[in-house]
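*Asks:* Sharing a structure here in structure tokens format.
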Amino acid sequence: MGTFFSEPGWLCLTVTAVLGGTIFCKLKKNQGQVGRKVVCLAGLWGGACLLSLSLFWGLILFSLSCFLVYTYFSGQELLPADQKAVLITGLWAVVNNAGILGLPTDGELIPMTEYKRCMAVNFFGAVEVTKAFLPLLRKSKGRLVNISSMAGGVPMEKLAAYSSSKAALTMFSAVMRQELSKWGVKVSVIQPGGFRTNIAGTSDMWDKLEKNILDHLTPDVQEDYGQDYILRERNFLMFMQTYSVMDVSPVLLDVQHAISAKSPFAFYAPGKMSYLWLCFVSFSPTGIFDYFSKKMNSHRKSMPRALSMPNWKNEAM
């Protein structure tokens, strides 16, 4: 009991009460799932500190956690436009969301015209729009939000053209974030996972893409891969459509946050496992990532014609 009534104990208890009350007021203004999760985590952390440590050090750690939560929510407050009439006298935000996928297939088979088309729409289009509106964004100290893709940070088979263009957009956004910070413009890049949109195209579009690929193949490449292997690639598109998530609200909520939060994040990764995959490819050794990637793609049994022949031998080896 002496520890509880000692001056350090009372001081730490007072600081905890003040910070806890401040956080409670912050959460009342920022209600939602995140707020409820933080309250639960803070409560569990406080209980763990008080049970596992002495009262003094438990309150010290709990006070520190309260301070960190307070700092986090101070940056996540939305701009004061709720339930108010807002007069827009300039440009506040630019969201670049244009994108095409093309026909997923091996990078060797993709024609140069498709590489250029993906870069033109997914990368150069966003750069041109950004450059056109940057003078207005600098005046308003607004927001630039670029919709990239998880495939721009995670290597995925069959997506050489699409992933390369999205990786370029991700790096462009990171560089612009640094350069525009002196003007007060905040730049965010959103890297969604698998969401079901119309980017995959239609059956008629797939037919045209298949014809374009076959028309641009040299005889020896077509002989090694085989026409059947190329025509089966549309099964990958059907697989993507089947296992993609229909609810795109996580993407929209991240766009809203990037536009309206006082301190938006530099990177967003909405979608199932998107953030984990981006962290995995960033921190794991290349061999480990390639191993798990092959395991993930083991359901695709099709092989190029030359590799499926028993008497095939790699002359380079």
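In the numbering used here, the protein residues as written are 7 to 323. Glycine included, every Cβ here is placed at the ideal spot set by N, Cα and C. Note that the structure is a prediction, hence the values are computed from the model and not measured.
Going straight from the alpha carbon of residue 136 to that of residue 103, what length do you get?
*Replies:* 12 Å
*Asks:* Any contact of the segment 248 to 268 with the segment 137 to 146, i.e. 3+ C-beta pairs under 8 Å?
*Replies:* no
*Asks:* When the Cα of residue 173 is compared with those of 205, 132, 187, which residue comes out closest?
*Replies:* 132
*Asks:* Could you check what DSSP says for residue 224 in three-state terms: helix, strand or coil?
*Replies:* coil
*Asks:* Leaving out five residues before and five after residue 192 in sequence, what residues of the same chain have Cβ atoms less than 6 Å from its Cβ?
*Replies:* 149, 270
*Asks:* Pick out whichever of 156, 114, 108 has its Cα sitting closest to the Cα of residue 126.
*Replies:* 108
*Asks:* Just grab the DSSP bridge partners of residue 144 for me.
*Replies:* Answer is none; residue 144 lacks a bridge partner.
*Asks:* Go through its chain and collect everything with a Cβ distance to residue 170's Cβ below 8 Å, but skip five positions before and after it.
*Replies:* 121, 124, 125
*Asks:* Kindly indicate which residue of 130, 189, 200 has the alpha-carbon position closest to the one of residue 254.
*Replies:* It is 200.
*Asks:* Starting from residue 192 and walking both ways along the beta strand (DSSP E), at which residues does that stretch end?
*Replies:* Its beta strand (DSSP E) spans residues 192 to 196.
*Asks:* In the structure shown, what three-state DSSP assignment does residue 4 receive?
*Replies:* The structure shown does not extend to residue 4, since the chain is modelled only from 7 through 323, so no value can be given for it.
*Asks:* Grouping DSSP H, G and I as helix and E and B as strand, with all else coil, what is residue 107?
*Replies:* coil
*Asks:* Among residues of its own chain, excluding the 5 on either side of residue 190, which ones have a beta-carbon nearer than 6 Å to its beta-carbon?
*Replies:* 147
*Asks:* Provide the residue(s) that pair with residue 274 in DSSP beta bridges, ordered along the chain.
*Replies:* Looking at the DSSP assignment, residue 274 forms a beta bridge with 196.
*Asks:* Do you know how far the Cα of residue 274 is from the Cα of residue 184?
*Replies:* Between the alpha carbons of residue 184 and residue 274 lies a gap of roughly 17 Å.
*Asks:* Could you give the residue range of the alpha helix (DSSP H) that holds residue 267?
*Replies:* Run containing residue 267: none; DSSP gives neither H nor E here.
*Asks:* When you compare each of 175, 112, 160, 113 to residue 128 by their alpha carbons, which one comes out closest?
*Replies:* 175
*Asks:* In its own chain, which residues sit with a C-beta less than 6 Å from the C-beta of residue 198, not counting the 5 before and 5 after it?
*Replies:* 257, 276, 277
*Asks:* Taking just the CA atoms, how far does residue 196 sit from residue 145?
*Replies:* 24 Å
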